[in-house]
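Undergrad: First the structure, then my questions, so here it is.
Numbering (the working numbering), first residue to last: 18 to 315.
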């Protein structure tokens, strides 16, 4: 893993350990969060792109949040699998923002989201090929070195294969992780959605991953169309089937921080905090069984 930053003044999140259950920070409830009492959220996750180059209220508000809660960052536009290299100006700006916030790691998606200089504003799937394994793994190493902190890659949802795959999604993800020291941001909802849409066992998929490489787990809601297709919308509460899969995963992965995402139809903060509480209880149960499993094998 890339080492954490050792030089210069500490960032806002310096010396804060990350654990428990966090929540994606959204502008919909930002003012309520800042004006109210401290809530039971272990950390907040932000997308740096929403703050880069922006002055005034929002960067200032983020600083106020970071004074009260640990912060972790999750990128949207790295486009690690694109043919062209990531924009050096973007990477330098990102590094500056991470030095300011000092998250324990940074993550982005296993996808491409740009074509040349054009940003596509979509997280598009890569062909499951050896060429893309090499490209992603090499870039992950360089990004990790540049940012001077651990970097993690998130598995995405996809609805079509971009060309005839040379391997399965699981084999592709396994190969990427075997070729880089970067970690994995495991999105359990994405695994479930892909499993339903493409016909594989989500439990076998997760069991085939190197769970010791997981730095963070995501969950979110999805919607089922009349056709039976599942859409990863981040606009609903987490489905019961995903909660069951999450609990099974935590029992095997151990004390990995869990993040609740909600990007559309964002409910009041009180409802989100109730969902966080459900996840916190689920995590506690799963970690209890995780401890029992290790005690039996000791």
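Glycine included, every Cβ here is placed at the ideal spot set by N, Cα and C. Source: prediction; values computed, not measured.
Would you kindly work out how many angstroms separate the C-alpha atoms of residue 20 and residue 161, rounded to a whole number?
TA: Here residue 20 refers to the residue found at position 3 of the chain shown. Here residue 161 refers to the residue found at position 144 of the chain shown. Because residue 20 carries a pLDDT of 36, less than 50, the predicted location of this residue cannot be relied on, and the following value inherits that uncertainty. Approximately 9 Å, taken between the alpha carbons.
Undergrad: What residue range is occupied by the uninterrupted beta strand (DSSP E) comprising residue 200?
TA: In the chain shown, the residue the question calls residue 200 occupies position 183. Residue 200 -> beta strand (DSSP E) spans 200 to 204.
Undergrad: Please name the residue in 85, 106 and 42 whose C-alpha comes closest to that of residue 75.
TA: For the purposes of this step, residue 75 is taken as the residue at position 58 of the chain shown. Of the candidates 85, 106 and 42, the one whose C-alpha sits nearest the C-alpha of residue 75 is 42.
Undergrad: Check whether the Cβ atoms of residue 111 and residue 69 lie closer than 9 Å to each other.
TA: In the chain shown, the residue the question calls residue 111 occupies position 94. In the chain shown, the residue the question calls residue 69 occupies position 52. Result yes, Cβ atoms of residue 111 and residue 69 sit closer than 9 Å.
Undergrad: Among 135, 249 and 241, whose alpha-carbon lies nearest the alpha-carbon of residue 94?
TA: Working through the chain shown from its first residue, we reach residue 94 at position 77. Answer by Cα proximity: 135.
Undergrad: Buried or exposed, going by whether 16 or more other CB atoms sit within 10 Å of the CB of residue 54?
TA: One-based indexing of the chain shown puts residue 54 at position 37. Its Cβ having fewer than 16 others within 10 Å, residue 54 is exposed.
Undergrad: Cα-Cα, which of 67, 213, 251 and 236 is closest to residue 244?
TA: In the chain shown, counting from the first residue as 1, residue 244 sits at position 227. Ranking 67, 213, 251 and 236 by Cα distance to residue 244 puts 213 first.
Undergrad: Closer than 8 Å by C-beta to residue 220: which residues in its own chain qualify, once you throw out the five before and the five after it? Chain order, please.
TA: On the chain shown, residue 220 is found 203 positions in, with the first residue counted as 1. Correct list, in chain order: 262 and 265.
Undergrad: Confirm, please, whether the CB-CB distance from residue 197 to residue 154 is below 9 Å.
TA: Counted from its first residue, the chain shown places residue 154 at position 137. Counted from its first residue, the chain shown places residue 197 at position 180. Yes.
Undergrad: Taking the alpha helix (DSSP H) that residue 39 falls in, what are its first and last residues?
TA: As a working mapping, residue 39 is identified with position 22 in the chain shown. Per DSSP, residue 39 belongs to no alpha helix (DSSP H); it is in the beta strand (DSSP E), 38 to 41.
Undergrad: For residue 192, collect the residues of the same chain with a Cβ closer than 6 Å to its Cβ; drop the 5 residues on either side in sequence, then sort them by chain order.
TA: Within the chain shown, the letter at position 175 stands for residue 192. Excluding sequence neighbours, residue 192 sits near 150.
Undergrad: So, helix, strand or coil for residue 90, using DSSP?
TA: For the purposes of this step, residue 90 is taken as residue 73 along the chain shown, with counting starting at 1. Looking at residue 90 - three-state DSSP - the assignment turns out to be strand.
Undergrad: If we count the other Cβ atoms within 10 Å of its Cβ and call it buried at 16 or more, is residue 175 buried or exposed?
TA: Translated into positions along the chain shown, residue 175 becomes position 158. It counts as buried.
Undergrad: Tell me the DSSP secondary structure of residue 240 in three-state form.
TA: The count along the chain shown starts at 1 and reaches residue 240 at position 223. It is a strand residue.
Undergrad: Return the residue from the list 260, 311, 268 and 252 that minimises the CA-CA distance to residue 285.
TA: As a first step, residue 285 must be located in the chain shown, where it is residue number 268. Of 260, 311, 268 and 252, the residue nearest in Cα terms is 252.
Undergrad: Pop quiz: residue 274 and residue 233 are said to be a contact at Cβ under 8 Å. What is the actual Cβ separation, rounded to whole angstroms?
TA: For this step, residue 274 is matched to residue 257 along the chain shown. For this step, residue 233 is matched to residue 216 along the chain shown. Rounded, the Cβ-Cβ distance is 5 Å, consistent with contact.
Undergrad: Quick one: what does DSSP say residue 61 is sitting in, helix, strand or coil?
TA: Here the question's residue 61 lines up with position 44 in the chain shown. Here residue 61 sits in strand by DSSP.
Undergrad: Would residue 123 and residue 173 qualify as a contact pair, given that the criterion is a beta-carbon distance under 9 Å?
TA: In the chain shown, residue 123 corresponds to position 106, counting from 1. In the chain shown, residue 173 corresponds to position 156, counting from 1. The answer is no: Cβ separation not under 9 Å.
Undergrad: Go ahead and label residue 26 buried or exposed: buried means 16 or more other beta carbons lie within 10 angstroms of its beta carbon, across all protein chains shown.
TA: Numbered from its first residue, the chain shown carries residue 26 at position 9. Residue placement at residue 26 is poorly supported in this model, since its pLDDT is 43, which falls under 50; the coordinates are not used for a value here.
Undergrad: Can you tell me which of 180, 101 and 208 puts its alpha carbon nearest to the alpha carbon of residue 190?
TA: Numbered from 1 along the chain shown, position 173 holds the residue referred to as residue 190. Of the listed residues, the one whose Cα sits closest to residue 190 is 208.
Undergrad: According to the neighbour-count rule (16 or more other Cβ atoms, all chains shown, within 10 Å of its Cβ), is residue 24 buried or exposed?
TA: Mapped onto the chain shown, residue 24 falls at position 7. Any reading at residue 24 must be qualified, since the residue scores a pLDDT of 34, below 50, and its modelled position is unreliable; no value is offered.
Undergrad: Looking at C-alpha atoms only, which residue of 86, 246, 113 and 215 is the closest neighbour of residue 337?
TA: Nothing in the structure corresponds to residue 337, since the chain is present only between 18 and 315.
Undergrad: Under a Cβ-count criterion, where at least 16 other Cβ atoms within 10 Å of its own Cβ denotes burial, should residue 272 be classed as buried or exposed?
TA: Start at 1 with the first residue of the chain shown, and residue 272 comes out as number 255. Its Cβ having fewer than 16 others within 10 Å, residue 272 is exposed.
Undergrad: Give me the Cα-Cα distance between residue 57 and residue 48, rounded to the nearest whole angstrom.
TA: Stepping through the chain shown from its first residue, residue 57 is reached at position 40. Stepping through the chain shown from its first residue, residue 48 is reached at position 31. Roughly 17 Å between the two C-alpha positions.
Undergrad: For residue 127, which of helix, strand or coil comes out of DSSP?
TA: For the purposes of this step, residue 127 is taken as the residue at position 110 of the chain shown. Residue 127: coil per DSSP, three-state reduction.
Undergrad: Could you give the first and the last residue of the continuous alpha helix (DSSP H) run that contains residue 267?
TA: Counting from one through the chain shown, the residue named residue 267 turns up at place 250. Counting along the chain, the alpha helix (DSSP H) containing residue 267 begins and ends at 257 to 270.
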